[in-house]
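When the letters of the sequence shown are read in order and numbered with my numbering, they come out as residues 5 to 493. For reference, the structure discussed in these notes is given below.
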Amino acid sequence: PNDSFAFCLTDTSTFLIYNEDHKRCVLAQSSNSVTTAPCVQENESQKFRWVSDHQLMSVALKLCLGVPSKKDWVPITLYPCDKASELQRWECRNETLFALQGEDLFFNYGNRQERNIMLYKGSGLWSRWKVYGTTDDLCSRGYEDTYTVRGNAEGAPCVFPFKFGNKWYADCTDAGRADGWFWCGTTADYDVDKRYGFCPLKCKWTTCSDQKNNRLLCIINSEFQNFRLLIRFLKVFNFFFSETGVPIRCPDQWVSYAGHCYIIHRVPKIWKDALTSCRKEDGDLVSIHNVEEYSFVISQLGYQPDDELWIGLNDLKVQMYFEWSDGTPVTYTKWLRGEPTHANNRQEDCVVMKGKDGYWADHSCEKKIGYICKRKPMSEAPAEEETIDMGCQRDWKRHGFYCYFIGNTFVTFSQANHTCESHQAYLATVQDRYEQAYLTSLVGLKTERYFWIGLSDVEEKGTFKWTNGENVLFTHWNSEMPGSYDYAV
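This is the structure in structure tokens:
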């Protein structure tokens, strides 16, 4: 495709399903046979990927894992993917258990000498599954929409698998196109519905110019023109907008994110006292439910590489059955390799987050360390009389020498940039950690996850520049970024 049509695509996140006790991976032999075999990373019949929040598809057969009924000891086989079917919905549980959603029936292999994978009420080692080559559960490679551009689908996300020419596709394809542009169907049957859009290109992260001894990280083909719900930052010299509706409010020194408030307390306490302290503040020890929340906690609260902090995960009720202290379900874990251990037969019933990457480990609950609290936002404040910050337009708010505005809509990067320019403004630059902290406080007031800023490599592919021409003197990459997700900034 020509240079004006260059976009970045998220990783498709194919993986092998591994049982550590058997030391074997799941193999999709046919629609009626799902068994295990020695793991071979290149074997298409062993590759799976999430195609919705709860459906897991065989890459080789383009069919989804499912069962004939919600009964103990029925075979798990493959079916045409159907988002409406409760018999194809899976979820992760404590300790890498993999279960039919809402049921105590688990993905199991090896009992009763059965060759096929079975749905089974037992939750032992043969019902525990990881992403091959990692310690992560299967939900760590969760589904994320791939939004399209152009075509006739108005930015709708790809639907995988989709049918074209009586053939099923599990990824974007250039089939049927002489120009080589990759596309996907945005309904399950393109042959019937004729709805499609073009896919962003897969791209790589690389290292670019070294400014003031700071390594800056770049993306090739970074103008990510996907339609998704995004926030754009507009920034004008000597010129913040509070959207219609009251944003959430957190107590002083707490940081807001996705509808909750968070804080790190460094006064050492045993786990029980830390829990009591959080509850006195109308909160609880932190529970973490997805990779975005985990990344927020270790990157935005002042977490340090040498920290060791209590979180709410514990197995105080039933040994090795971990629960959150706030009662929310365990949908995500980030265990340190080899954990949890209950080392030397000690009672290690409480979980800490520690080390540079904030991985989790169980520990004696009597150790005195810092802790992380999480709470719901404060009650809405009474309406205040509108004020206009000096030097700023109405509905903008001043910070330092600049005025800021946040607006939400379905827009591309180019459209966001154009909107800013039409207001004699530009997409936000981030020049230092203080401005980063201010923008973080604005993001925290919103429930959306993704926000455009003004960094792009439109002028010179592979080298990022701010859209207003300012030099790139500061970067603030998220945890484990750049990594497998190839987004614009």
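Don't be surprised by glycine CBs; every beta carbon is placed ideally from N, CA and C.
Apart from sequence neighbours up to five positions away, the residues of its chain that approach serine 73 with a beta-carbon distance below 8 Å are Leu91, ordered along the chain.
Annotation: the stretch 140–213 contains the following complete segments of the alpha helix (DSSP H) (minimum length 4 residues), in chain order: 194–197.
For phenylalanine 417, the enclosing alpha helix (DSSP H) has its first and last residue at 417–426. If you ignore the 5 residues before and after leucine 129, its C-beta comes within less than 6 Å of the C-beta of Asp25, all in its own chain and listed in chain order.
An exposed status is given to glutamine 45, since fewer than 16 other beta-carbon atoms sit within 10 Å of its beta-carbon. By the C-beta criterion, the stretch 280–288 is judged not to be in contact with the stretch 334–345, since fewer than 3 inter-stretch pairs fall below 8 Å. The straight-line gap separating the alpha-carbon atoms of tyrosine 200 and serine 144 is approximately 29 Å.
Residue Gly287 holds the alpha-carbon nearest to the alpha-carbon of methionine 382 among Leu320, Tyr298 and Gly287.
Taking each of Lys27, Asp178, Gly146 and Phe52 in turn and checking the Cα distance to glutamine 33, the smallest one comes out for Phe52.
In the DSSP assignment, threonine 81 forms a beta bridge with Gly70. Between phenylalanine 202 and the set Ser89, Tyr266, Pro165 and Arg154, the nearest pair of CA atoms involves Arg154.
DSSP links glycine 287 through a beta bridge to Arg379. Note on geometry: alpha-carbon atoms of glutamine 105 and glycine 306 lie some 36 Å from one another.
Within the same chain, and ignoring the five residues on either side of glycine 126 in sequence, the residues whose Cβ sits closer than 8 Å to its Cβ are Phe110, Asn112 and Asn115.
Under DSSP, the beta-bridge partners assigned to aspartate 366 are Val355.
For threonine 39, the secondary structure class from DSSP, reduced to helix, strand or coil, is strand. DSSP places glutamate 312 within a strand segment (E or B) once states are collapsed to three. Taken through DSSP and simplified to helix, strand or coil, tryptophan 275 comes out as helix. As computed with DSSP, cysteine 282 is found in no beta bridge at all. Serine 35 is classed as exposed because its beta carbon has fewer than 16 other beta carbons within 10 Å across all chains shown. Between serine 131 and the set Glu297, Gly169, Ile21 and Asp361, the nearest pair of CA atoms involves Ile21. Between phenylalanine 326 and asparagine 98 a beta carbon distance of about 5 Å is seen, short of the 8 Å cut, so the two are scored as contacting. Residue pairing for histidine 269: DSSP places it in a beta bridge opposite Tyr375.
The stretch 170–190 and the stretch 134–148 do not touch, with fewer than three beta-carbon pairs separated by less than 8 Å. Beta-bridge annotation (DSSP): valine 30 is paired with Thr40.
Cβ-Cβ separation between valine 356 and tryptophan 314: approximately 6 Å, consistent with a contact (criterion under 8 Å). Per the DSSP secondary-structure output, alanine 103 pairs in a beta bridge with Glu95 and Phe110. Look at the beta carbons and you see the stretch 287–299 touching the stretch 372–379: at least three pairs across the two are nearer than 8 Å. The C-beta separation of tryptophan 94 from leucine 67 comes to about 14 Å, leaving the pair out of contact by the 8 Å criterion.
The C-beta separation of valine 493 from leucine 443 comes to about 12 Å, leaving the pair out of contact by the 8 Å criterion. In the three-state DSSP reduction, isoleucine 292 falls in the coil class, being neither helix nor strand. Counting along the chain, the unbroken beta strand (DSSP E) around methionine 61 starts and ends at 60–62.
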